[in-house]
Amino acid sequence: SVGPGAKYYETEWRKKPEYQGGFLLDGGVHFIAAMRQLLGQEAKMSQVAAFTAQLQPHLPPIDTINATVKLANGRSGTFSVSFGTTFSGAEYVVACQNGTVDVGFDKTIVKKGDKESSKDFLEDKNGVRQELKAWGESISQGKAHPLQTPQEALADLEVLESMIKSGEADGKAIELKLQ
52 SVGPGAKYYE TEWRKKPEYQ GGFLLDGGVH FIAAMRQLLG QEAKMSQVAA
102 FTAQLQPHLP PIDTINATVK LANGRSGTFS VSFGTTFSGA EYVVACQNGT
152 VDVGFDKTIV KKGDKESSKD FLEDKNGVRQ ELKAWGESIS QGKAHPLQTP
202 QEALADLEVL ESMIKSGEAD GKAIELKLQ
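Counting the sequence shown from 1 gives a position; the working numbering is that position plus 51.
Below you can see the structure in the form of structure tokens.
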């Protein structure tokens with residue numbers, strides 16, 4: 052849970068959000084960006100349906116999303132993020148045809164059949180350093196990094212805003228257009 056006194060909570064614009072989604076929109080968009088990057092171009096999202104809740108009174112208007120995501124290829128998966136629970140981890144698990152990919156903050160585990168490989172990311176676990184490096188390279192090269200274009204940011208925001216709208220409509224499926 053993100054509580055009063057926490058470093059990510061203690062800014063006025065986060066304490067009193069005046070925009071849709073509040074703290075969840077601000078922090079959750081980064082999880083959406085990671086999910087979109089992990090899915091890649093071959094598995095674009097086409098629809099979302101979600102339920103939302105406010106579990107903590109200090110995190111209005113909502114702090115939790117539980118969603119189902121439908122891909123353009125017909126497959127589906129789930130997305131869940133909450134800043135209002137006691138769970139503090141983050142994990143992406145993708146079940147593929149021949150195995151699984153499990154991505155955590157500091158480690159990625161790939162299982163294929165009975166074989167498993169892993170890679171630790173102890174120094175760069177949250178991606179901020181890599182993002183800043185890519186941004187700096189964009190400036191020096193005079194062109195945007197492919198993952199940092201305005202179109203990518205809008206696509207990330209579209210997914211999260213659509214989940215929020217779906218939650219407001221009691222789980223109604225929302226079609227995505229910017230993916």
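Every residue gets a Cβ at the ideal spot worked out from N, C-alpha and C, and that includes glycine.
Start and end of the alpha helix (DSSP H) containing residue i?
i	result
Leu183	Val179 to Gln192
Gln98	That residue, Gln98, is in no alpha helix (DSSP H); its beta strand (DSSP E) goes Met96 to Ala104.
Gly56	It is not in any alpha helix (DSSP H) - Gly56 carries neither H nor E in the DSSP assignment.
Identify every residue that forms a DSSP beta bridge with residue i.
i	result
Ile215	The partner list for Ile215 (beta bridge, DSSP) is empty, contrary to what the question assumes.
Val161	Val152 and Ser168
Thr115	Ala104 and Ser133
With a threshold of 8 Å (Cβ to nearest heavy atom), would residue i be considered close to the ligand NAD?
i	result
Lys223	Because no ligand of any kind appears in the structure shown, any question about the ligand NAD cannot be addressed here.
Among the options, which residue has its Cα nearest to the Cα of residue i?
i	options	result
Asn149	Lys166, Thr137, Gly135 and Tyr143	Lys166
Leu110	Glu69, Phe102 and Ile83	Glu69
Ser133	Gly72, Leu90 and Gln92	Gly72
Ala141	Cys147, Gly135 and Ser131	Ser131
Gly222	Asp77, Val120 and Gln107	Val120
Phe102	Glu93, Lys95, Pro108 and Ile116	Ile116
Gly91	Val145, Glu63 and Val53	Val145
Beta-carbon within less than 8 Å of residue i's beta-carbon, same chain only, minus the 5 sequence neighbours each way: which residues are those?
i	result
Lys158	Ser169, Lys170, Asp171 and Phe172
Glu209	Leu227, Lys228, Leu229 and Gln230
Beta strand (DSSP E) containing residue i: first to last residue?
i	result
Thr154	Residue identity check: residue 154 is Val in the sequence provided, not Thr. From DSSP, the beta strand (DSSP E) with Val154 extends over Gly150 to Gly155.
Gly91	Where Gly91 is concerned, there is no enclosing beta strand (DSSP E), given that its DSSP letter is neither H nor E.
If you drop the 5 nearest sequence neighbours on each side, which residues of the same chain put their C-beta closer than 7 Å to that of residue i?
i	result
Ile160	Asp153, Glu167 and Ser169
Ile83	Asp207, Val210 and Leu211
Tell me which same chain residues have a C-beta within less than 6 Å of the C-beta of residue i, skipping the five on either side of it?
i	result
Leu106	Asp114, Thr115 and Gly135
Segments of 3+ residues assigned as beta strand (DSSP E) that fall wholly inside the stretch 123-147: DSSP runs (the beta strand (DSSP E)) wholly in the stretch 123-147: 127-133 and 142-147.
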